[in-house]
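What follows is one structure encoded as structure tokens, with my remarks underneath.
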Amino acid sequence: MKVLLTGGAGFIGSHTVDALLARGHSVRILDNLSKPVHLKGKPDYIPNEAEFILGDVSNRCDLEQALDGVDIVFHLAAYQDYLTNFSKFFEVNSVGTALLYEIIVDRKLPIQKVVVASSQAVMGEGAYLCGNCGIVYPNIRKLSALKGKKWETNCPECAGAVESQASKEMVTNPQNQYAMSKYSQEMIAINLGRRYGIPSVAMRYSIVQGPRQSFYNAYSGAARLFCLHLYFKKPPTIYEDGRQIRDYINIMDVVAANLLVMESERADYQVFNVGGGKPYSVLELFEITALVFKSQLAPKISGEFRFGDTRHIMSDITKLTRLGWRPKYSPQKSIQDYRSWLMGQGNIDDVMDYAEKEMKRQKVICKAGGVKQTEAYYSGVSI
Ligand SMILES: NC(=O)c1ccc[n+]([C@@H]2O[C@H](COP(=O)([O-])OP(=O)(O)OC[C@H]3O[C@@H](n4cnc5c(N)ncnc54)[C@H](O)[C@@H]3O)[C@@H](O)[C@H]2O)c1
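Take any residue in the sequence shown, note its place counting from 1, add 4, and you have its number in our numbering.
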């Protein structure tokens, strides 16, 4: 099979490239090597056997060239940031996906499968159980509550206490520009796919971890941040109180899921949560990282928060496990792998403060307790 991976130079894409080549597929990458992900240019992990096209998924000519002679598409390229240039998220993520289907339909291309990268962020705060109201879907927490260090969310109907639940694929409550653009990608893929007979699958990844997560991408989240801090022997900041629940998934489990849905007809026209299946608090992830690094450093928990972060989110992965997939690797393994990779990298002295400085520059990080704030909006669930 000839497989096109948009965003194939990135973290998830490059590991999927390796697995496809190992299975004997022919691989083409379409990637614009966007910054800050590729701040230092084309990564050297891109194999020579993979054909590389430097181009943009929102450019018709680039996409047409990339789709020529292709059987399968992994559409992984995305604009991911925390900035308020809202239109860019839709230009790249939504319009890029619509353009992909437009070209396939216009040119009657015999594409056998399109797999699009969605995100757990589509589910927003996810599902919570309220003792009075049953299952509810809270929206983002108010800035005033966060400034008062009131971290837990409440029932949107009766304002009572709620308990976080694992969210199934039917939960859709995107709360920010990134999540909305990802939801639109799902709808384009599943609905246009079904309408025009293009077998399509949307993968709602949780927080993916492993080697090759860009040092410069604030979106690459807690594992990268914790590892870099401990590597440089500096205490990392943990936002809020560190008791936020997340689920973390190893990159190899994601690659296995990608290959499974590529090969399985039962996956067609479906959305799947691709998560670790087990809840961890951010503090627990830090403790795992400290164990791997044999570090005694305590994190800073100083009341900083990122407005727009979800309090808890955890994906229910039952649907994908019914296809025979199950996550095999623990966050400990992900951190060990990331650490080994980190140790092998040269020229990383500049990276540790990069994402944090950027976020502070963009006024994304706020401090609880009366300091003047801007209502900058962070659009991720990456920690
Ligand atoms: N890593 C995660 O934890 C995670 C979680 C949920 C969803 N996702 C989604 O999975 C996909 C892959 O994520 P990743 O972690 O590998 O990200 P990444 O940033 O490492 O890789 C994305 C790649 O896309 C390329 N790209 C960006 N804009 C492009 C454009 N306009 N045209 C062509 N190429 C472009 C980048 O240069 C990069 O190589 C994305 O769609 C992302 O939204 C990732």
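Every residue, glycine too, gets a C-beta built ideally from N, C-alpha and C. It should be emphasised that the depicted structure is a prediction, and the values quoted were computed from it without experimental measurement.
Take residue i as the anchor and find which of the options has the nearest alpha-carbon.
{"i": "G201", "options": "N158, V118, K337", "result": "V118"}
{"i": "T18", "options": "F78, L67, G59, E68", "result": "Here residue 18 turns out to be Ser, not Thr, going by the sequence shown. Nearest option by C-alpha distance: F78."}
{"i": "G246", "options": "Q189, N63, F309", "result": "F309"}
{"i": "N195", "options": "L295, S344, A102, T241", "result": "A102"}
{"i": "H233", "options": "M5, G164, V275, Q300", "result": "Q300"}
{"i": "F93", "options": "L43, G12, S62", "result": "S62"}
{"i": "V99", "options": "D85, Y132, R111, E190", "result": "E190"}
{"i": "E106", "options": "Y132, R64, D60", "result": "R64"}
{"i": "Y220", "options": "V21, V41, G11", "result": "V41"}
{"i": "R199", "options": "I108, V31, F90", "result": "I108"}
{"i": "L287", "options": "E55, V355, R111, K304", "result": "K304"}
{"i": "C137", "options": "C159, S30, Q116", "result": "C159"}
{"i": "D353", "options": "M256, L327, A183, Y235", "result": "Y235"}
{"i": "I139", "options": "E68, C162, I249, P283", "result": "C162"}
{"i": "R326", "options": "Q336, R270, K332", "result": "R270"}
{"i": "K39", "options": "R208, R27, S30, D60", "result": "D60"}
{"i": "A131", "options": "P142, S122, I321", "result": "P142"}
{"i": "R216", "options": "F311, P47, N180", "result": "P47"}
{"i": "V205", "options": "S338, E267, V21", "result": "E267"}
{"i": "I76", "options": "Y86, L37, P114", "result": "P114"}
Rounded C-beta distance between residue i and residue j? I'm assuming under 8 Å.
{"i": "E129", "j": "R315", "result": "7 Å"}
{"i": "Y83", "j": "V96", "result": "4 Å"}
{"i": "L25", "j": "A70", "result": "So it is not a contact: roughly 17 Å between Cβ atoms."}
{"i": "S334", "j": "N277", "result": "Not quite, the Cβ-Cβ distance comes to about 18 Å (not below 8 Å), so this is no contact."}
{"i": "D341", "j": "G214", "result": "5 Å"}
{"i": "I33", "j": "V258", "result": "Not a contact, Cβ separation roughly 17 Å."}
{"i": "W329", "j": "A260", "result": "6 Å"}
{"i": "V126", "j": "Y187", "result": "5 Å"}
{"i": "D313", "j": "P203", "result": "35 Å between Cβ atoms; not a contact."}
{"i": "G279", "j": "I253", "result": "6 Å"}
{"i": "D85", "j": "P51", "result": "Not really, about 28 Å apart at Cβ, beyond 8 Å."}
Quick check on DSSP: helix, strand or coil for residue i?
{"i": "N97", "result": "helix"}
{"i": "D85", "result": "coil"}
{"i": "A131", "result": "coil"}
{"i": "I107", "result": "helix"}
{"i": "V296", "result": "helix"}
{"i": "F236", "result": "coil"}
{"i": "S148", "result": "helix"}
{"i": "Q221", "result": "Gln is not the amino acid found at residue 221; the sequence shown has Asn there. Three-state DSSP puts N221 in coil, outside helix and strand."}
{"i": "V375", "result": "Confidence at V375 is low in this model, with a pLDDT of 44, below 50, so its placement is unreliable and no value can be given for it."}
{"i": "Y382", "result": "For Y382, the predicted model reports a pLDDT of 40, less than 50, meaning its position is unreliable; a value from the coordinates is still stated below. Reduced to three states, the DSSP call for Y382 is coil."}
{"i": "Y182", "result": "helix"}
{"i": "S62", "result": "coil"}
{"i": "S319", "result": "strand"}
{"i": "I387", "result": "In this prediction, I387 has a pLDDT of 37, which is less than 50 and means its spatial position is unreliable; nothing more can be read from the coordinates."}
{"i": "V140", "result": "strand"}
{"i": "T176", "result": "coil"}
{"i": "T3", "result": "With the chain running from 5 to 387 in the structure shown, residue 3 is simply not present."}
{"i": "K92", "result": "helix"}
{"i": "K304", "result": "strand"}
Taking its Cβ as the centre, do 16 or more other Cβ atoms sit within 10 Å of residue i, making it buried, or is it exposed?
{"i": "S185", "result": "buried"}
{"i": "I211", "result": "buried"}
{"i": "A302", "result": "exposed"}
{"i": "F396", "result": "The structure shown does not extend to residue 396, since the chain spans only 5 to 387, so no value can be given for it."}
{"i": "G262", "result": "One point to set straight first is that residue 262 is Asn, not Gly, in the sequence displayed. N262 should be labelled buried."}
{"i": "Q349", "result": "exposed"}
{"i": "C417", "result": "A question about residue 417 goes unanswered here, because the residues of the chain that appear run from 5 up to 387."}
{"i": "E53", "result": "exposed"}
{"i": "P178", "result": "buried"}
{"i": "L295", "result": "exposed"}
{"i": "S306", "result": "exposed"}
{"i": "T88", "result": "exposed"}
{"i": "A193", "result": "buried"}
{"i": "Y49", "result": "exposed"}
{"i": "G152", "result": "exposed"}
{"i": "G164", "result": "exposed"}
{"i": "Q116", "result": "exposed"}
{"i": "M174", "result": "exposed"}
{"i": "D110", "result": "exposed"}
{"i": "N180", "result": "buried"}
{"i": "G197", "result": "buried"}
{"i": "K376", "result": "Summary for K376: the model assigns pLDDT 38, below 50, so the residue's position carries little reliability; its value from the coordinates is reported in the next sentence. Classification of K376: exposed, given that the 10 Å Cβ count is below 16."}
Checking the sheet assignment: what are the DSSP bridge partners for residue i?
{"i": "I253", "result": "V212"}
{"i": "K6", "result": "S30"}
{"i": "M207", "result": "A121, F276"}
{"i": "V166", "result": "C134"}
{"i": "H79", "result": "T10, V120"}
{"i": "Y284", "result": "R250"}
{"i": "E55", "result": "R32"}
{"i": "S171", "result": "S319"}
{"i": "N351", "result": "Its beta-bridge partners do not exist; DSSP assigns none."}
Closer than 7 Å to a non-hydrogen atom of ligand 2 - does that hold for the CB of residue i?
{"i": "F230", "result": "Annotation note on ligand 2: not contained in the displayed structure, which lists ligand 1 as its ligands."}
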